[in-house]
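Residue numbers (the numbering used here): 5 to 279.
All C-beta atoms, glycine included, are put in the ideal place defined by N, C-alpha and C.
What you are looking at is a predicted structure, and each value in this text was computed from that prediction instead of being measured.
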Amino acid sequence: MNSHILATEHICRSFTTGSGEIQVLKDVSIELPKGKLIIIKGRSGSGKTTLLNILCALDPATSGEVIFRARNRDGKKSKKAAEPKHQKGKNDEAAEPELQGGEPENDAASDLWISDETSYDEIRYSTLSDAERDRLRRFHMGFVFQSVALIPIMTAYENVDFGLRTAGYTGNRDKRIRESLASVGLAERMQHMPSQMSGGEQQRVAIARAMAHRPEIIFADEPTGALDTAAGLTVTQLFKNLAEREKITIVMTTHDPGLMELGDVVYEIEDGQIR
Ligand SMILES: Nc1ncnc2c1ncn2[C@@H]1O[C@H](COP(=O)(O)OP(=O)(O)OP(=O)(O)O)[C@@H](O)[C@H]1O
Ligand SMILES: [Mg+2]
């Protein structure tokens, strides 16, 4: 029933250019299973980034619909799941931690962070205002890019902290930063500046930053594109572990055939359609 987190219905995307209209995506209908590593492959120019940008509500489809099942742990069917009540008073913190990216009350709750009892609100992208779209992205999603976008004058710790503040995280930030950096194998590098780390290590900090606020889904456009084979494999394996351990859905694009076998689901885009 609740087996997928994101679905597209008959997505088309075309661009108008000087030389006419190009149809990049043609009637794409897919369902992305929850808590899995999903890989999107396809040759250069096939539309991977275009599709990813539509899935993460950055770019609108020309036609068709995208439906995101946003986590709503208190079970209420509010239309506004994309609008966390992050301005609420301190006493309300425990009431809806999932919408604020806050801490669960105790470790047992942590295990149930995304459980079968979790209820979901179906968010249809076509109905969202720009502000709602922003909130959906900020609170429910995480992002990793090909070129690592760490802030160069901040340590690894501070970079993750910055991400938590941006997401309005109301839990114990210090604890969560340490957990997140430890989970990407960088507990010993917390006070390092980006310039003091390898490209692969920097990308792992970016992953810690993307997952620290407990998003339900992380989008990664060619996250291994700038890394050598070994570092690329480490990063992809890390994503796989995150999906398994933290039940975060990961959607990544790649060109690298060696990484595809790690995907739980692999979609290929060819001629604007999914195979
Ligand atoms: N804003 C735009 N305006 C016009 N054409 C665009 C625009 N964005 C993308 N395209 C075209 O859409 C097609 C798909 O581009 P996209 O970036 O999605 O490919 P990709 O599969 O991510 O490629 P790569 O592997 O090189 O990153 C390309 O032909 C590109 O030129
Ligand atoms: Mg691309």
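Residue from the options whose Cα sits closest to the Cα of residue i
i: residue 265; options: 249, 275, 241; result: 241
i: residue 276; options: 204, 200, 14; result: 14
i: residue 73; options: 151, 145, 215; result: 145
i: residue 174; options: 209, 217, 158, 186; result: 217
i: residue 251; options: 66, 75, 125, 21; result: 75
i: residue 247; options: 231, 220, 273, 236; result: 220
i: residue 206; options: 149, 64, 65; result: 149
i: residue 254; options: 184, 147, 279, 191; result: 147
i: residue 130; options: 185, 183, 61, 21; result: 61
i: residue 34; options: 185, 11, 186; result: 11
i: residue 199; options: 192, 158, 222, 69; result: 158
i: residue 125; options: 134, 135, 140; result: 140
i: residue 269; options: 40, 7, 20; result: 40
i: residue 132; options: 235, 69, 245; result: 69
i: residue 48; options: 137, 179, 28, 245; result: 28
i: residue 67; options: 235, 32, 278; result: 32
i: residue 151; options: 245, 278, 236; result: 236
i: residue 245; options: 178, 134, 186; result: 186
Residue span of the alpha helix (DSSP H) that contains residue i, given as start and end
i: residue 134; result: 134–139
i: residue 181; result: 177–187
i: residue 249; result: 233–250
i: residue 36; result: Counting along the chain, residue 36 falls outside any alpha helix (DSSP H), though it belongs to the beta strand (DSSP E) covering 35–37.
i: residue 157; result: Segment: none, residue 157 is in no alpha helix (DSSP H) and carries neither H nor E.
i: residue 68; result: No alpha helix (DSSP H) holds residue 68; the beta strand (DSSP E) holding it covers 67–76.
i: residue 264; result: 261–264
Contacts around residue i, its chain only, beta-carbon distance under 8 Å, and the 5 residues preceding and following it disregarded
i: residue 142; result: 170, 171, 172
i: residue 231; result: 203, 204, 207, 239
i: residue 23; result: none
i: residue 119; result: Any reading at residue 119 needs caution, since the residue's pLDDT is 45, under 50, leaving its predicted position unreliable; the model's value is listed next. If we look at residue 119 and ignore the five residues flanking it on each side, it has no Cβ neighbours.
8 Å Cβ cutoff met for residue i and residue j
i: residue 212; j: residue 188; result: yes
i: residue 160; j: residue 215; result: no
i: residue 71; j: residue 128; result: yes
i: residue 204; j: residue 239; result: yes
i: residue 226; j: residue 46; result: no
i: residue 38; j: residue 16; result: no
i: residue 18; j: residue 9; result: no
i: residue 56; j: residue 243; result: no
i: residue 263; j: residue 228; result: yes
Element boundaries [beta strand (DSSP E), containing residue i]
i: residue 45; result: 41–45
i: residue 30; result: 24–32
i: residue 49; result: No beta strand (DSSP E) holds residue 49; DSSP gives it neither H nor E.
i: residue 271; result: 269–274
i: residue 223; result: 221–225
i: residue 12; result: 8–21
i: residue 257; result: 253–257
i: residue 191; result: Taken as a continuous stretch (DSSP letters only), residue 191 belongs to no beta strand (DSSP E), as it is neither H nor E.
i: residue 148; result: 145–148
i: residue 210; result: That residue, residue 210, is in no beta strand (DSSP E); its alpha helix (DSSP H) goes 203–215.
Chain-order list of residues whose beta-carbon lies under 7 Å from that of residue i (same chain, five-residue window excluded)
i: residue 163; result: 154, 155, 209, 213
i: residue 80; result: With a pLDDT of only 42 at residue 80, under 50, the local geometry of the prediction cannot be trusted, and the value read off the model is given with reservation. Excluding residues within five positions, none has a Cβ falling inside 7 Å.
i: residue 196; result: 159, 160
i: residue 65; result: 15, 16, 17, 58
i: residue 184; result: 164, 212, 215, 216
i: residue 94; result: No answer about residue 94 holds up, because its pLDDT of 39 lies below 50 and its placement is not dependable.
i: residue 7; result: 37, 38
i: residue 138; result: none
Sequence-distant residues of its chain with Cβ nearer than 6 Å to residue i (five each side left out)
i: residue 1; result: Nothing about residue 1 can be reported from this structure: the residues present for the chain run from 5 to 279 only.
i: residue 280; result: Within the shown structure, residues of the chain are numbered from 5 to 279, placing residue 280 beyond reach of any answer.
i: residue 83; result: Its pLDDT being 41, under 50, residue 83 is placed unreliably in this model, and the coordinates cannot settle the point.
i: residue 63; result: 57
i: residue 20; result: none
i: residue 42; result: 36, 255, 269
i: residue 181; result: 161, 164, 165
i: residue 179; result: none
i: residue 279; result: 272
Within 8 Å, do at least three Cβ pairs link the region 255–265 to the region 47–61?
yes
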